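A.B. asks: Have a look at this one.
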Amino acid sequence: MQRLSLTFSPQMHASSRVLHPATLASAAVLSLVFLGLLRAKRRAKLPPGPVVYLNIAGQSIVVLNTAKSAADLLDHRGGIYSDRPQNIVASELMTGGLLVVFGRYGEVWRRMRRAAHEGLNNNVSPKFHPIQSKEAIFLTHSLMVNPTAWDRHFRRTAASAVLSIVYDIPTLLSEQDPKIRLINNFVERLVRAAYPGAFFVEYFTWMRYLPAWMAKWKWDALEQHRMDDEMFRGLFTDVKNRVAKGDYRESFCATLLEQQDRHSLNEKESAWLAATLYAGGAETTSAVLAWFLFAMLSFPDAQNRAQEELDAVVGRSRMPTFADYKSLPYLRALIKETLRWMPVNPIGLSHRLIEDDYYEGHLIPKGSIVIANVWALNRDPEVYGPDAHLFNPSRYLDKEGNLTVVVAETKDEGHHSFGFGRRICLGRYVANDSLFIDMASILWGLSIAPLADAALPSADDCVDTGLVIRPPPFHCSLTPRFADAPGIVANTMELLV
232 MQRLSLTFSP QMHASSRVLH PATLASAAVL SLVFLGLLRA KRRAKLPPGP
282 VVYLNIAGQS IVVLNTAKSA ADLLDHRGGI YSDRPQNIVA SELMTGGLLV
332 VFGRYGEVWR RMRRAAHEGL NNNVSPKFHP IQSKEAIFLT HSLMVNPTAW
382 DRHFRRTAAS AVLSIVYDIP TLLSEQDPKI RLINNFVERL VRAAYPGAFF
432 VEYFTWMRYL PAWMAKWKWD ALEQHRMDDE MFRGLFTDVK NRVAKGDYRE
482 SFCATLLEQQ DRHSLNEKES AWLAATLYAG GAETTSAVLA WFLFAMLSFP
532 DAQNRAQEEL DAVVGRSRMP TFADYKSLPY LRALIKETLR WMPVNPIGLS
582 HRLIEDDYYE GHLIPKGSIV IANVWALNRD PEVYGPDAHL FNPSRYLDKE
632 GNLTVVVAET KDEGHHSFGF GRRICLGRYV ANDSLFIDMA SILWGLSIAP
682 LADAALPSAD DCVDTGLVIR PPPFHCSLTP RFADAPGIVA NTMELLV
């Protein structure tokens, strides 16, 4: 294994061995620059090999550029690579250490993670199909009625589906619904707080001990936690009251309540576990749908082949359902390719090493920040071939057209976009199901084409929201594929009301 060590060596006062403030400021700037390089719009694999070691102001950072190194460390040694870097404001103050996606590794985190797995695994996820099917029908109808607002429709359906699955909230008809706006506001505040350099306390950690009346940033964070805790516990209590009355549908919160004794989660922990699912699910799903639309415009042959498959399997007298899943291998490959080709979180979320470790003869010290370069892994030409930069769903099909995933260390996903080890995406099975029925419904009912007078922008100009990357602003034409499509969609929707 080749080793690259890029070291920034801070000067310390000999008497105190404390980093000089100027050094800490430099470290903060370098951290931001490094993060920016990794999140650059087109990410080349960092030289020279599978693992890159850096040292910035004494902080060891390890970047994993191959599937093997990521799996060796984050999957196979997950017990010591499952912590997250310290984030005082976002993880500790604003969320009380209870937002699983940012939470530190420990007993509470393990209990919450176990409860999430049992409530969302591939044996349980089919119970949410009725919710997802309804959302897909509403989405397709919305795109037919007001196609230019496709981004708003994607954001609405992603948020509404997650809220229905988690809290048993009926389908929300607008992305401006107060429930969506309140929780989206929470996510936006959290992302801003978690971004490196947002607060000096992350570098001058002694500031965490300042009383709130002396530090407005701390006062604000604690006040936001109080309001958010009240909101999420209120949503959880609503489900609890409906369960007590026997007036409820399947939902993640209902499952938590049924298994509360088994998981030993108190109501606050349960409420924040549910909040994690929304924070991690709505924005990512809507971003994937946006990239799907962008890909259909950029690679029209893929759209045509998927629609030919839908016509052969589903026909034009009804909309697709989950019963069609196994008969649509190309569409399932197209979903995998969307997630591979443009991972919405190209460097994932950082892991933190709990204890010293050795990899291929090299020491990785305790406390190292470990980053899986998902972009490089998903576009590795040695794995995906010389066309790894292109959108090609057929890479997942054998000669007979059957779906076959032969990509090692991807847990049968065919890509690395859901993360690694014990930090793998909590809702990946639910997410895959939502993407299947949404994309199937859109491709069945609509033709996606560029506008005659509007050039498609380059994917290089993608928009980094801090949580995900989204396509650059673009316009397209969404029109019914055949004359009966709008009527079939409208009639199907009426049956659900």
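Each residue of the sequence shown is one higher than the one before, counting from 232 in the working numbering. Each residue gets a CB set at the ideal place from its N, CA and C atoms; glycine is no exception. Note that the structure is predicted; figures quoted are calculated from it, not measured.
Quick one: measure Cβ to Cβ for G327 and H456, integer angstroms, because I've assumed they're closer than 8 Å.
C.D. replies: In the sequence shown, residue 327 corresponds to position 96, counting from 1. In the sequence shown, residue 456 corresponds to position 225, counting from 1. The pair is a contact, with the Cβ atoms about 6 Å apart (cut-off 8 Å).
A.B. asks: Roughly how many angstroms lie between the CA atoms of I411 and E433, to the nearest whole one?
C.D. replies: In the sequence shown, residue 411 corresponds to position 180, counting from 1. In the sequence shown, residue 433 corresponds to position 202, counting from 1. For I411 and E433, the distance between alpha carbons rounds to 30 Å.
A.B. asks: Determine the closest residue to G598 out of D314, A302 and A298, with distance taken between C-alpha atoms.
C.D. replies: What you label residue 598 is simply residue 367 of the sequence shown in a count that begins at 1. It is D314.
A.B. asks: Can you tell me where the beta strand (DSSP E) holding I602 begins and where it ends?
C.D. replies: Position 371 of the sequence shown, counted from the start, is the residue given in the question as residue 602. That run of the beta strand (DSSP E) goes I600 to A603.
A.B. asks: Report the start-end ranges of each alpha helix (DSSP H) in the stretch 632-704 that is 4 residues or longer and not cut off at the edges.
C.D. replies: 659-676, all fully within the stretch 632-704.
A.B. asks: What's the C-alpha gap between A321 and K447?
C.D. replies: The residue given as residue 321 occupies position 90 in the sequence shown. The residue given as residue 447 occupies position 216 in the sequence shown. Cα-Cα distance, rounded: 15 Å.
A.B. asks: Excluding the 5 residues preceding and the 5 following Y336 in the sequence, name in chain order all residues of the same chain whose CB lies nearer than 6 Å to its CB.
C.D. replies: Indexing the sequence shown from 1 puts residue 336 at position 105. Correct list, in chain order: S313 and D314.
A.B. asks: For R653, I'd like the list of residues in its chain whose CB is within less than 6 Å of its CB, leaving aside the five on either flank, ordered along the chain.
C.D. replies: Residue numbering aside, residue 653 sits at position 422 when the sequence shown is read from its first letter. If we look at R653 and ignore the five residues flanking it on each side, its Cβ neighbours are G309 and S313.
A.B. asks: Along the alpha helix (DSSP H) that carries P531, what are the first and last residues, could you check?
C.D. replies: Taking the first residue of the sequence shown as 1, we reach residue 531 at position 300. Its alpha helix (DSSP H) spans residues P531 to V544.
A.B. asks: Decide yes or no for the touch test of the stretch 378-395 against the stretch 467-474: beta carbon pairs closer than 8 Å, at least 3 of them.
C.D. replies: With the cut-off at 8 Å, the stretch 378-395 and the stretch 467-474 do not touch.
A.B. asks: At a cut of 8 Å, does the stretch 515-527 reach the stretch 434-442 through at least three beta carbon pairs?
C.D. replies: No, the stretch 515-527 does not touch the stretch 434-442.
A.B. asks: Would you kindly report the start and end of the unbroken alpha helix (DSSP H) that includes L394?
C.D. replies: On the sequence shown, residue 394 is found 163 positions in, with the first residue counted as 1. Segment W381 to Y398, the alpha helix (DSSP H) holding L394.
A.B. asks: Helix, strand or coil, according to DSSP, for Q233 in the structure here?
C.D. replies: As a first step, residue 233 must be located in the sequence shown, where it is residue number 2. Note on Q233: pLDDT 41, under 50, position unreliable in the model; the coordinate value appears next. Coil at Q233, not helix or strand.
A.B. asks: How long is the line joining the alpha carbons of A721 and E613, rounded to whole angstroms?
C.D. replies: The residue labelled residue 721 in the question sits at position 490 within the sequence shown. The residue labelled residue 613 in the question sits at position 382 within the sequence shown. Computed Cα separation, rounded: 47 Å.
A.B. asks: With DSSP as the reference, label P401 as helix, strand or coil.
C.D. replies: The residue given as residue 401 occupies position 170 in the sequence shown. Coil.
A.B. asks: Use the C-beta contact count for T238: other C-beta atoms within 10 angstroms, 16 or more gives buried, fewer gives exposed.
C.D. replies: On the sequence shown, residue 238 is found 7 positions in, with the first residue counted as 1. Note on T238: pLDDT 38, under 50, position unreliable in the model; the coordinate value appears next. T238 is exposed by the Cβ-count criterion.
A.B. asks: Just tell me which of R344, V282, A302 and Q538 has its CA closest to the CA of N296.
C.D. replies: As a first step, residue 296 must be located in the sequence shown, where it is residue number 65. Taking only the C-alpha atoms, the option nearest N296 is V282.
A.B. asks: Tell me the start and end of each unbroken alpha helix (DSSP H) in the stretch 493-518 that is at least 4 residues and wholly inside, in chain order.
C.D. replies: Listed in chain order, nothing qualifies, since the stretch 493-518 has no complete alpha helix (DSSP H) run of 4 or more residues.
A.B. asks: How many whole angstroms separate the CB atoms of W503 and L330, which I take to be in contact at a CB cut-off of 8 Å?
C.D. replies: For this step, residue 503 is matched to residue 272 along the sequence shown. For this step, residue 330 is matched to residue 99 along the sequence shown. Their Cβ separation, rounded to whole angstroms, is 6 Å, which keeps W503 and L330 in contact under 8 Å.
A.B. asks: Which two residues bound the contiguous alpha helix (DSSP H) that contains N286?
C.D. replies: Start at 1 with the first residue of the sequence shown, and residue 286 comes out as number 55. Looking at the DSSP string, N286 is not in any alpha helix (DSSP H); the run it does join, the beta strand (DSSP E), is V282 to I287.
A.B. asks: Buried or exposed: where does G658 fall if 16 or more other Cβ atoms within 10 Å of its Cβ makes it buried?
C.D. replies: Position 427 of the sequence shown holds residue 658. Looking at its Cβ environment, which holds 16 or more other Cβ atoms inside 10 Å, G658 is buried.
A.B. asks: Three-state secondary structure (DSSP) at Y312?
C.D. replies: For the purposes of this step, residue 312 is taken as residue 81 along the sequence shown, with counting starting at 1. Coil.
A.B. asks: Can the beta-carbon of S648 be found less than 8 Å from the beta-carbon of A564?
C.D. replies: To locate residue 648, count along the sequence shown from 1; it is residue 417. To locate residue 564, count along the sequence shown from 1; it is residue 333. Contact: no.
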